[in-house]
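> Position in the sequence shown (from 1) plus 58 gives the number in my numbering. Cβ coordinates follow ideal geometry from the N, Cα and C atoms, glycine included. Bear in mind the structure is a predicted one, so any value in this text is a computation, not a measurement.
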Amino acid sequence: MHTEDLPALLTPEGQELLAELRDYAPGEELALATRLRRTHDAKLVSAALAQARLRSRAAAKFGADAARMYFTPNGVEQSTRTGVAEWRAGRMKALGVTSVADLCGGIGGDAIALARAGIRVLAVDRDPAACAAADANAQALGLADLIETRCADVAAIDTTAYDAVFVDPARRAGRGRIFDPEAYSPPLSWAVEAARGASVGAVKVAPGIPHEAVPDDAEAEWVSMSGDVKEAVLWFGTKAAEPHRATLLPAGTSLTGGRLPDPEAGPVGRYLYEPDGAVIRAHLVAEVAAELNATLIDPTIAYLTTDRLTPSPYATAYEITDVLPFNLKRLKALVRERAIGTLVIKKRGSAIEPEELRKKIKPEGVNSAVVLLTRAAGSPVMLLGHAAVEAG
Ligand SMILES: C[S@@+](CC[C@H](N)C(=O)[O-])C[C@H]1O[C@@H](n2cnc3c(N)ncnc32)[C@H](O)[C@@H]1O
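#1: Could you check if residue 386 is buried or exposed, using at least 16 other CB atoms within 10 Å of its CB as the buried criterion?
#2: With three or more C-beta pairs closer than 8 Å as the rule, is the segment 183-190 touching the segment 115-127?
#3: Could you work out which residue in 441, 416, 395 is closest to residue 425 when comparing CA atoms only?
#4: Mapping DSSP to helix, strand and coil, what is residue 443?
#5: Return the Cβ separation of residue 293 and residue 287 in integer angstroms, given the expectation that the two are a contact with Cβ distance under 8 Å.
#6: Can you list every residue whose CB sits closer than 5 Å to some heavy atom of ligand 1, going in chain order?
#7: Using the Cα positions of residue 80 and residue 110, report the straight-line distance between them to the nearest angstrom.
#8: Tell me whether residue 420 is buried or exposed, calling it buried when 16 or more other Cβ atoms sit within 10 Å of its Cβ.
#9: Provide the residue(s) that pair with residue 211 in DSSP beta bridges, ordered along the chain.
#10: State the Cα-Cα distance for the pair residue 152 and residue 350, rounded to the nearest angstrom.
#11: When the distance is taken between beta carbons, is residue 161 closer than 8 Å to residue 212?
#12: Measuring alpha carbon to alpha carbon, tell me which of 285, 433, 383 ends up nearest residue 357.
#13: So, is residue 447 buried or exposed, given that buried needs 16 or more other C-beta atoms within 10 angstroms?
#14: Under the assumption that residue 258 contacts residue 310 (Cβ atoms under 8 Å), give the Cβ distance between them as a whole number of angstroms.
#15: Beta-carbon separation of residue 348 and residue 364 under 8 Å?
#16: Kindly indicate if chain C contains any beta-carbon less than 8 Å away from that of residue 418.
#17: With C-beta atoms as the reference, is residue 130 less than 8 Å away from residue 170?
#18: What residue range is occupied by the uninterrupted alpha helix (DSSP H) comprising residue 422?
#19: For my contact list, residue 217 and residue 143 are in at a C-beta cut-off of 8 Å; report their separation, rounded to the angstrom.
#20: Decide yes or no for the touch test of the segment 193-200 against the segment 219-235: beta carbon pairs closer than 8 Å, at least 3 of them.
#21: For residue 170, does the three-state DSSP call read helix, strand or coil?
#22: Helix, strand or coil: how does DSSP classify residue 335 here?
#23: Using a 10 Å radius around the Cβ and a threshold of 16 neighbouring Cβ atoms, would you call residue 96 buried or exposed?
#24: Within its chain, find whatever has a CB closer than 8 Å to the CB of residue 282; leave out the 5 residues flanking it on each side and keep chain order.
#25: Within 7 Å: the Cβ of residue 191 and any heavy atom of ligand 2?
#26: Which partner residues does residue 259 have in the DSSP bridge list?
What follows is the structure, given as structure tokens:
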């Protein structure tokens with residue numbers, strides 16, 4: 059979206075066009091555009107179509123709200139999805155925060171969740187199109203009383219009047235994702251200083267942030283949604299007893315820790331546990347091992363094992379039927395013998411590409427199984443099994 063497109067879309071004619079485009083099927087786009095251009099300005103029709111496309115992409119992050127919101131292409135990519143933003147807003151609320159300076163507010167993904175939690179927000183972004191979208195979103199969702207937007211460089215903002223500072227730096231440049239935290243805009247060191255300056259501070263970072271880049275005074279939280287790790291956040295002023303936290307959404311369960319030594323390794327037992335990605339990124343596998351009384355299957359692999367099933371919200375359990383050295387021919391034969399048609403292929407510490415392997419095995423039959431390609435006691439192994447079910 060160009061900055062100049064939004065005012066036209068907010069007029070009664072623009073709104074009428076957007077309403078017409080609400081449920082269009084992408085295949086109908088050409089015919090629809092031709093029809094609409096007969097009665098409306100071609101530029102406005104293009105802007106409305108572009109916005110409708112962005113809204114449909116944004117539905118995965120914002121659900122039903124997306125149909126009422128305004129986006130820029132970058133804003134769709136970079137915004138925080140509702141469930142994750144709500145979790146953060148809930149933590150802010152629990153810490154007693156009533157006002158937040160949202161530095162790098164984008165199209166308002168975080169600002170919306172904060173405002174819905176009853177928190178007053180100043181949302182700052184230097185991109186005029188993002189600011190205009192954030193403003194329109196606050197209006198469209200009935201949150202304009204709580205969200206003030208400002209189009210400025212974050213370095214120019216005085217945050218002293220706010221309980222909390224939240225920074226969500228841009229982590230993408232023209233050529234894709236940025237991995238060096240000092241190449242974020244603004245750089246991580248600036249964001250950390252800004253966050254430390256308030257009673258409560260939070261900086262959103264990429265989940266792959268090296269642990270060495272996490273400041274000693276931060277509580278680092280890794281957040282996953284339905285098993286996919288979405289982000290990490292460096293919190294300041296939370297007075298957390300433990301340095302690391304893994305939060306699993308949508309359940310909202312959090313595991314804290316970060317001080318235990320690595321678990322021992324031992325032979326593969328009857329059950330194998332695959333910790334959630336947030337737990338692994340947060341280096342909290344030892345905490346899960348302690349909870350399950352489990353050992354690692356290999357000192358370098360984050361799979362845990364026990365002989366007794368202990369269900370955990372932090373790890374998916376499999377019952378293992380076969381522990382074999384990796385051998386393609388043997389695997390093919392087993393899959394055929396057991397009539398396994400639905401084969402879930404998982405891997406950790408193996409170079410094998412699951413989809414290539416599937417093509418070679420050609421699973422066929424009425425049964426289902428899981429094969430985990432990994433390493434145990436230093437050697438490549440294949441572990442066959444199925445999802446573990448607790449005895450009733
Ligand atoms: C990751 S996005 C923010 C997404 C936002 N939290 C949301 O959920 O919609 C980062 C934003 O930072 C803005 N930005 C980058 N450097 C900035 C700076 N120095 N001052 C103000 N905004 C900046 C970009 O324009 C971009 O919109």
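Answer, in terms of the structure:
#1: As a working note, residue 386 is residue 328 in the sequence shown. Exposed: under 16 other Cβ atoms inside 10 Å.
#2: As far as the Cβ criterion goes, the segment 115-127 does not touch the segment 183-190, which means the pair count is below three.
#3: If you number the sequence shown from 1, residue 425 lands on position 367. Measuring from the Cα of residue 425, the nearest candidate turns out to be 395.
#4: The count along the sequence shown starts at 1 and reaches residue 443 at position 385. Residue state for residue 443 is assigned as strand, using DSSP reduced to three classes.
#5: Looking up residue 293 in the sequence shown gives position 235. Looking up residue 287 in the sequence shown gives position 229. Not really, about 17 Å apart at Cβ, beyond 8 Å.
#6: Screening all residues for a C-beta within a distance smaller than 5 Å of any heavy atom in ligand 1 leaves 136, 137, 138, 162, 164, 165, 167, 168, 183, 184, 185, 188, 211, 212, 226, 228, 243, 244, in chain order.
#7: Translated into positions along the sequence shown, residue 80 becomes position 22. Translated into positions along the sequence shown, residue 110 becomes position 52. The C-alpha of residue 110 is placed about 7 Å away from the C-alpha of residue 80.
#8: One-based indexing of the sequence shown puts residue 420 at position 362. With fewer than 16 other CB atoms across the displayed protein chains lying within 10 angstroms of its CB, residue 420 is exposed.
#9: Position 153 of the sequence shown, counted from the start, is the residue given in the question as residue 211. Residue pairing for residue 211: DSSP places it in no beta bridge.
#10: As a position in the sequence shown, residue 152 is number 94, starting the count at 1. As a position in the sequence shown, residue 350 is number 292, starting the count at 1. Distance from the CA of residue 152 to the CA of residue 350, rounded to the nearest whole angstrom, comes to 30 Å.
#11: Position 154 of the sequence shown, counted from the start, is the residue given in the question as residue 212. Position 103 of the sequence shown, counted from the start, is the residue given in the question as residue 161. Taking 8 Å as the Cβ cut-off, residue 212 and residue 161 qualify as a contacting pair.
#12: The residue labelled residue 357 in the question sits at position 299 within the sequence shown. In this structure, 433 is the residue among 285, 433, 383 with its C-alpha nearest to the C-alpha of residue 357.
#13: As a working note, residue 447 is residue 389 in the sequence shown. So residue 447 ends up on the exposed side.
#14: Taking the first residue of the sequence shown as 1, we reach residue 258 at position 200. Taking the first residue of the sequence shown as 1, we reach residue 310 at position 252. Between residue 258 and residue 310 the beta-carbon gap is near 19 Å, outside 8 Å, which marks them as no contact.
#15: The count along the sequence shown starts at 1 and reaches residue 348 at position 290. The count along the sequence shown starts at 1 and reaches residue 364 at position 306. No, the Cβ-Cβ distance between residue 348 and residue 364 is not below 8 Å.
#16: Here chain C cannot be found, since the structure has a single protein chain.
#17: Position 72 of the sequence shown holds residue 130. Position 112 of the sequence shown holds residue 170. Contact flag unset, no.
#18: Within the sequence shown, residue 422 is the residue found at index 364, counting from 1. In this chain, residue 422 is not harboured by any alpha helix (DSSP H), its DSSP state being neither H nor E.
#19: Reading the sequence shown from its first residue, position 159 is the one you call residue 217. Reading the sequence shown from its first residue, position 85 is the one you call residue 143. Actually they are not in contact, since the Cβ atoms of residue 217 and residue 143 sit about 20 Å apart, beyond 8 Å.
#20: No: the two stretches stay apart, fewer than three of their Cβ pairs being nearer than 8 Å.
#21: Position 112 of the sequence shown, counted from the first residue, corresponds to residue 170. Three-state result, residue 170: helix.
#22: As a first step, residue 335 must be located in the sequence shown, where it is residue number 277. Note: residue 335 maps to helix in three-state DSSP.
#23: Against the sequence shown, residue 96 aligns to sequence position 38. The residue is exposed, with fewer than 16 neighbouring Cβ atoms inside 10 Å.
#24: By 1-based counting over the sequence shown, the position of residue 282 is 224. Counting only Cβ-Cβ distances below 8 Å, and skipping sequence neighbours, we find 288, 304, 305, 306, 307, 334, 335, 336.
#25: Of the ligands one can find in the structure shown, namely ligand 1, none is ligand 2.
#26: Translated into the one-based positions of the sequence shown, residue 259 becomes position 201. Its beta-bridge partners are 223, 294.
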